[in-house]
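Asks: Residues in the first sequence are numbered consecutively from 3, following my numbering.
For every residue, glycine included, the Cβ atom is placed at its ideal position computed from N, Cα and C.
In this text, all values refer to a predicted model and were calculated from it rather than measured experimentally.
First, the structure itself, so that you have it in front of you.
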Amino acid sequence: MPCFFNSNNMLQPAEIRANKDLFTERLKKRGLEDIELTLNQILSLDDERKSTQQSLDSTLAESNNAAKEIGMLMKQGKKEEAEQAKAKAAELRDKSKEIGTKMSGIEEELKSLLYNVPNVPHESVPAGQSEDDNEVVFQVPELPEIAEGAKPHWDLIKEYDIIDFDLGNKVSGAGFPFYKKQGARLIRSMINFFLDEAADAGYIEVQAPLLVNEDSGYGTGQLPDKEGQMYHATADNLFLIPTAEVPITNMYRDVIVDENQLPLKNVGHTPCFRREAGSWGAHVRGLNRLHQFDKVEIVQIQHPEKSYEALDEMVKHVEELIKKLGLPYRILRLCGGDLGFTSALTYDFEVYSAAQKRWLEVSSVSNFETYQANRLKLRYKGSDKKKQLLHTLNGSALALPRILAAILENNQTPDGIIIPEVLRPYTGFDKITL
RNA sequence: AGAGGAGUGGCAGAGUGGUCGAAUGCGGCGGUCUUGAAAACCGUUGUACCGCGAGGUACCGGGGGUUCGAAUCCCUCCUCCUCUGCCA
3 MPCFFNSNNM LQPAEIRANK DLFTERLKKR GLEDIELTLN QILSLDDERK
53 STQQSLDSTL AESNNAAKEI GMLMKQGKKE EAEQAKAKAA ELRDKSKEIG
103 TKMSGIEEEL KSLLYNVPNV PHESVPAGQS EDDNEVVFQV PELPEIAEGA
153 KPHWDLIKEY DIIDFDLGNK VSGAGFPFYK KQGARLIRSM INFFLDEAAD
203 AGYIEVQAPL LVNEDSGYGT GQLPDKEGQM YHATADNLFL IPTAEVPITN
253 MYRDVIVDEN QLPLKNVGHT PCFRREAGSW GAHVRGLNRL HQFDKVEIVQ
303 IQHPEKSYEA LDEMVKHVEE LIKKLGLPYR ILRLCGGDLG FTSALTYDFE
353 VYSAAQKRWL EVSSVSNFET YQANRLKLRY KGSDKKKQLL HTLNGSALAL
403 PRILAAILEN NQTPDGIIIP EVLRPYTGFD KITL
């Protein structure tokens, strides 16, 4: 009954019904101890929805019949009888409107419950509360030694005059730096390098819009919960993208893919805009957190049975990039408590910054299974002609500023900053010097 | 941005208040014929939800309204086309 009940669920009630115990157990990995209550609420509300729909449908059926009857009577010229029937039909209409209102109420409630249930974690996801419980699945055996007099990148960028935060402050505000000279050139080089690598791996390149509409925000799950994270152009009700995932994944909103065209692989470079309200502090100095930054994003749409193969492939891809850049890194499997709302399994890549003595997150690779696809109505048609939800995946490959920070800090020498070899064909110089 | 036109099933395209989920053509699928193919002919062919089923409901760009009844009338928004203007 689309007029009242066109909902964008995330998990589907039928799915929950069929897997209640499993879902309950898995969702508890996120620390949602009372999730079972919520699921029960959803199921009983879903029952109520069904029975209400039945009574609505039958009322509408009566009403339709009555209307047809009036039509017949009018044709036969039986005006008085028609008038009488009209009164009855009007009653039916009022009744169906009433039930319809009730129905929308139930739908609303159901939707808001469903919106608040995050994706079901994959079985390999460790239970846990915070980032401390993330599982380190790989780490380079040795961390680089801290050289004598090594400087953090916020000092280096001033020394070499390649990034200017003060200028950004003047022109825009905090978190909007200017990249200059070799810094600007290096950013552009990395973008090209990352895009070329993705193209070699079979990703189709796209240049995506940077402003998206509300539907797209809902499609990938930034709305309704995280609107505070996005810049909102209210005059036109458009949102500045926080990641290329939003426009690229939404290319496939309301799409039915032929099974043999899978997987769909896209890559795009975009600036990303994040308000980062309330998340500033001493540990986010310099390039560590920005309102605008560049990122190359890879996105895959995959068959449900092959999505974890695809996830592994993406993880490999990202790992290769970091290796080629020669940066010390580790790979984390996020625990339930740290896992994003819409993700079933996420691997984070962190690069070690010797000068800051900390790990910097430079990529996040996730499988969303059907969670986004359900909102997107993204399905495939199999050989049996049935339409089924697809799996969506994405990953940063890579986020630029922190990679830049890591290169600056790890590759500093007394006579300049060494450019990783793979980037030299793009930069045209092999060292950043004074 | 202004003026005008238009949005109907996979596509094309009829339908301007009542048995219209929607003619017709093309395409798709199945069949007849054929050694095979084409042609011709016959049949079939949207989606979602509810129901064990029979069946029911909803959907003609989106939303709202008028009416007993809307693809059809009204309001509003969106998109596309043409002309004019502007602009990288």
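Cα separation between N290 and W156?
Replies: On the first sequence, position 288 is the one that residue 290 refers to. On the first sequence, position 154 is the one that residue 156 refers to. Taking the straight line from one Cα to the other gives about 10 angstroms.
Asks: Would I258 be called buried (16 or more neighbouring beta carbons within 10 Å of its own) or exposed?
Replies: Here residue 258 refers to the residue found at position 256 of the first sequence. With fewer than 16 Cβ atoms within 10 Å of its Cβ, I258 is classed as exposed.
Asks: Pairing CB atoms from the stretch 361-373 with CB atoms from the stretch 392-401, are three or more of them under 8 angstroms?
Replies: They touch, by the three-pair rule.
Asks: Rounded to a whole number of angstroms, what is the C-alpha to C-alpha distance between G175 and R287?
Replies: Residue 175 sits at position 173 when you count from the first residue of the first sequence. Residue 287 sits at position 285 when you count from the first residue of the first sequence. If I take the Cα positions, the gap works out to 14 angstroms.
Asks: With respect to 7 angstroms, is the separation between the Cβ of I324 and the closest non-hydrogen atom of the ligand SAM below this value?
Replies: With respect to the ligand SAM, the structure offers nothing, as it holds no ligand at all.
Asks: Just the C-alpha distance for N376 and K113, rounded to the nearest angstrom, thanks.
Replies: The residue labelled residue 376 in the question sits at position 374 within the first sequence. The residue labelled residue 113 in the question sits at position 111 within the first sequence. The alpha-carbon atoms of N376 and K113 are separated by roughly 13 angstroms.
Asks: To the nearest angstrom, how far is it from the Cα of D417 to the Cα of C274?
Replies: One-based indexing of the first sequence puts residue 417 at position 415. One-based indexing of the first sequence puts residue 274 at position 272. Cα-Cα distance, rounded: 33 angstroms.
Asks: Between the C-alpha atoms of N11 and E111, what's the straight-line distance to the nearest angstrom?
Replies: Reading the first sequence from its first residue, position 9 is the one you call residue 11. Reading the first sequence from its first residue, position 109 is the one you call residue 111. Because the pLDDT at N11 is just 47, under 50, the model does not fix this residue reliably, and the value given afterwards should be weighed accordingly. Their Cα atoms are separated by approximately 12 angstroms.
Asks: Please go through the same chain and pick out, in chain order, the residues whose beta-carbon is closer than 8 angstroms to the beta-carbon of P146, but skip the five residues on each side of it.
Replies: Against the first sequence, residue 146 aligns to sequence position 144. The residues are P330, Y354, A356 and N412.
Asks: Give the straight-line distance between the Cα atoms of K90 and N66, rounded to the nearest whole angstrom.
Replies: In the first sequence, counting from the first residue as 1, residue 90 sits at position 88. In the first sequence, counting from the first residue as 1, residue 66 sits at position 64. Rounded to whole angstroms, K90 to N66 spans 12 angstroms at the Cα level.
Asks: Taking the alpha carbon of K308 as the point to measure from, which residue in I324, P265, K318 and S345 has its own alpha carbon closest?
Replies: On the first sequence, residue 308 is found 306 positions in, with the first residue counted as 1. Among I324, P265, K318 and S345, the Cα nearest to that of K308 is on P265.
Asks: Does the distance from the CB of S218 to the CB of N268 come in under 8 angstroms?
Replies: Here residue 218 refers to the residue found at position 216 when the first sequence is read from its first residue. Here residue 268 refers to the residue found at position 266 when the first sequence is read from its first residue. No, the pair does not count as a contact, with Cβ atoms beyond the cut-off.
Asks: Within the chosen definition, does the stretch 32-48 reach the stretch 76-90 through at least 3 CB pairs nearer than 8 angstroms?
Replies: Contact between the stretch 32-48 and the stretch 76-90 is absent, because fewer than three Cβ pairs lie under 8 angstroms.
Asks: Among D296, D256 and L380, which has the Cα closest to the Cα of S191?
Replies: The residue labelled residue 191 in the question sits at position 189 within the first sequence. Nearest option by C-alpha distance: D296.
Asks: Report the residue from D227, A237 and P249 whose alpha carbon sits nearest the alpha carbon of A210.
Replies: By one-based count along the first sequence, residue 210 stands at place 208. For the residues D227, A237 and P249, the minimum Cα distance to A210 belongs to P249.
Asks: Three-state secondary structure (DSSP) at S9?
Replies: Position 7 of the first sequence holds residue 9. Note that S9 has pLDDT 34, beneath the 50 cutoff, so the model's placement of it is unreliable and the number below is only indicative. Residue state, collapsed to three classes: coil.
Asks: Just list the beta strand (DSSP E) runs in the stretch 257-296, keeping only unbroken ones of 3 residues or longer that don't cross its boundaries, in chain order.
Replies: Listed in chain order, the complete beta strand (DSSP E) runs (minimum 3 residues) inside the stretch 257-296 are 258-260 and 266-275.
Asks: At the level of alpha carbons, what is the spacing between I409 and P128?
Replies: The count along the first sequence starts at 1 and reaches residue 409 at position 407. The count along the first sequence starts at 1 and reaches residue 128 at position 126. If you take the alpha carbons of I409 and P128, they lie about 31 angstroms apart.
Asks: Comparing C-alpha positions only, which one of Q302, Q86 and S57 sits nearest to Q374?
Replies: The residue given as residue 374 occupies position 372 in the first sequence. Cα-wise, what sits closest to Q374 is Q302.
Asks: Going straight from the alpha carbon of G73 to that of A87, what length do you get?
Replies: As a position in the first sequence, residue 73 is number 71, starting the count at 1. As a position in the first sequence, residue 87 is number 85, starting the count at 1. Going from the Cα of G73 to the Cα of A87 covers about 10 angstroms.
Asks: Look at the alpha carbon of L292 and the alpha carbon of D48, and state the distance between them as a whole number of angstroms.
Replies: Numbered from its first residue, the first sequence carries residue 292 at position 290. Numbered from its first residue, the first sequence carries residue 48 at position 46. Those two C-alpha atoms are separated by around 43 angstroms.
Asks: Is the stretch 414-429 touching the stretch 322-337, taking contact as three or more C-beta pairs under 8 angstroms?
Replies: Enough Cβ pairs lie closer than 8 angstroms, so yes.
Asks: Hey, would you say L380 sits closer than 8 angstroms to R255, going by beta carbons?
Replies: As a position in the first sequence, residue 380 is number 378, starting the count at 1. As a position in the first sequence, residue 255 is number 253, starting the count at 1. Going by C-beta atoms, L380 is nearer than 8 angstroms to R255.
Asks: Who are the Cβ neighbours of Q231 in its own chain at under 8 angstroms, not counting the five residues just before and after it?
Replies: Within the first sequence, the letter at position 229 stands for residue 231. Taken in chain order, the residues that qualify are Q224, P244, R276, R277, E278 and A279.
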